[in-house]
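Structure first, commentary second.
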Amino acid sequence: MKEAGQQFVADHVSGLPRSGIRDFFAIVQAMPEAISLGIGEPDFVTPWHIREAAIFALEKGKTSYTDNLGLIRLRREISTYVENNFGIGYHPEKEVLVAVGVSEALDIALRAVLNPGDKVIYHEPCYVSYSPSIKLAHAEPIAVATSAEDEFGINPERVIEAWEPGVKVLLLNFPTNPTGGVTEKAKLEKLAKFAVEKDLLVISDEIYSELTFEGEHTSIASLPGMKERTIFLHGFSKAFAMTGFRIGYACGPQVLIEAMMKVHQYSMLCAPILSQEAAIEALKNGAPAVSKMKDAYQRRRDLIVRRFNEIGLKCHLPKGSFYAFPSIQGFGMSSIDFCKGLLEKEEVAIVPGTAFGESGAGFARASFSTSYERILEATDRIERYVGSLG
Ligand code: PLP
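So for the sequence shown, UniProt numbering puts the first residue at 1; every next one is plus one.
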């Protein structure tokens, strides 16, 4: 028998999978002794001076809506920050939109540009929301696998091969959730050339860019001719440890920002004013705190990767983000069974690679946004578990 209300759910929504991560963490929460390497958010609390800015704003009675595009003071800070850190100049009044996290920025970008039946190429394993967000925009996702041989960087040849008539958007994310892969400038140049040739719009989610440990992060939007065909997405959740503030932004050509604005103003209206005030402080004075957190992540990354390789779980060095993506092949188990067994026997939670797409089979995501000591304990437990598998 159908559950009450089921007949009203839209077909394209009932067809979406539930997030595999959510199911998994419902189990973890009921286990007080468990060590979670599963969560995709910083274990640091937002730096005090940023929280204080939100408190001051509240104290001053700043409780109103803002301009739909966001406070102009914030858009000016974003424009300066993006120019200084990515070398791309955006006009604060016309080319910047403040959104409720990169999640909303991505959603409105997709909904603003996609017609029913359009196609979007994205790379996998990827952030869990990409394929559902594309489908919610009534478009068709085309996944291109990245692989351990390429250290999970985007392989332009594979992207080019995946092209077919109807592709309108190329969706990129690096450093990548869940693999920590990054894509070097030479490969980006190939992708840029391809985007121009096929007249594609690039949507580039660069939310982990400050957490690049090896080499320099390059934004595709900074390459010649690409600013005009790229929507650059960024936010505060990861590097500034501000997940709960729900704040991010999009920069791009004025016409596209205006199109996104139409979707945004009729749905979200504006991002919360207190979060916008906090974001201004983050951009103005947050760099030392970001750098301190980054150093901590890098130390933990080196530990977790070393331990995984010692244990026999082959793990490439993630060049960015706060995720390691070790191989769990060779035990004759699916990634889900491996992770379930680990949780049951040793109370350590990591996320099966398949939660991030089929190409994540044989891998698992372990987040190092938890303390050094807990990573040490967790990897000891994983070693015991792997030993028990024989
Ligand atoms: N993009 C990627 C690649 C992510 O990993 C996440 C969160 O895990 C988001 C976007 C969501 O960001 P926000 O908190 O700004 O909505």
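Backbone N, C-alpha and C fix where the C-beta goes; we use that ideal spot for every residue, glycine too.
Computed from a prediction, not measured in an experiment: that's the story for all the values here.
*Within 10 angstroms of the Cβ of residue 399, are there 16 or more other Cβ atoms? Answer buried if so, exposed if not.*
In this structure the chain extends from 1 to 390, so residue 399 is not present and cannot be described.
*Who pairs with residue 258 in a beta bridge, going by DSSP?*
One-based indexing of the sequence shown puts residue 258 at position 258. Bridge partners of residue 258: none, in fact.
_Segment contact, 8 Å Cβ cut-off, at least three pairs: the region 93-102 with the region 133-150_ = At 8 Å Cβ cutoff, the stretches do not touch.
*Could you tell me if residue 64 is buried or exposed, where buried requires 16 or more neighbouring beta carbons within 10 angstroms of its beta carbon?*
Counted from its first residue, the sequence shown places residue 64 at position 64. In this structure residue 64 is exposed. Its beta-carbon is surrounded by fewer than 16 other beta-carbon atoms within 10 angstroms.
*Take residue 263 as the anchor and find which of 254, 19, 104 has the nearest alpha-carbon.*
In the sequence shown, the residue the question calls residue 263 occupies position 263. The shortest Cα separation from residue 263 among 254, 19, 104 belongs to 104.
*Would you say the region 293-303 touches the region 146-164, given that touching needs at least three Cβ pairs under 8 Å?*
The region 293-303 is not in contact with the region 146-164.
*Whole-number beta carbon distance between residue 342 and residue 112, since they are thought to touch under 8 Å*: Taking the sequence shown and counting its residues from 1, the one referred to as residue 112 is at position 112. Taking the sequence shown and counting its residues from 1, the one referred to as residue 342 is at position 342. The C-beta distance from residue 112 to residue 342 rounds to 42 Å, too long to meet the 8 Å contact threshold.
*For the region 169-176 against the region 122-133, are there 3 or more C-beta pairs whose distance is under 8 Å?*
By the C-beta criterion, the region 169-176 is judged to be in contact with the region 122-133, since at least 3 inter-stretch pairs fall below 8 Å.
*Is it right to say residue 372 is buried, meaning 16 or more other beta carbons lie within 10 angstroms of its own, or is it exposed?*
Indexing the sequence shown from 1 puts residue 372 at position 372. Around the CB of residue 372, fewer than 16 other CB atoms lie within 10 Å, so the residue is classed as exposed.
*When the Cβ atoms of the region 275-284 are set against those of the region 353-363, are three or more pairs found closer than 8 Å?*
Contact between the region 275-284 and the region 353-363 is absent, because fewer than three Cβ pairs lie under 8 Å.
*Per DSSP, which one or two residues make a beta bridge with residue 119?*
Your numbering for residue 119 matches position 119 in the sequence shown. Beta-bridge pairing links residue 119 to 140, 167.
*Check whether residue 49 and residue 286 have beta carbons under 9 Å apart*: Numbered from 1 along the sequence shown, position 49 holds the residue referred to as residue 49. Numbered from 1 along the sequence shown, position 286 holds the residue referred to as residue 286. Their beta carbons are under 9 Å apart, which means residue 49 touches residue 286 by this criterion.
*Buried or exposed: where does residue 27 fall if 16 or more other Cβ atoms within 10 Å of its Cβ makes it buried?*
The residue given as residue 27 occupies position 27 in the sequence shown. With fewer than 16 other beta carbons inside 10 angstroms of its own, residue 27 counts as exposed.
*Determine, using beta-carbon pairs with one atom in the region 355-369 and one in the region 111-130, whether at least three such pairs fall under 8 Å.*
The region 355-369 makes contact with the region 111-130: 3 or more CB pairs, one atom from each, lie closer than 8 Å.
_alpha helix (DSSP H) runs contained entirely in the region 234-315, provided each spans 4 or more residues_ = Here the runs fully enclosed are 254-267, 273-285, 287-311.
*asked:* Just to confirm before moving on: does the CB-CB distance between residue 57 and residue 274 stay below 9 Å?
replied: The residue given as residue 57 occupies position 57 in the sequence shown. The residue given as residue 274 occupies position 274 in the sequence shown. Cβ atoms of residue 57 and residue 274: closer than 9 Å.
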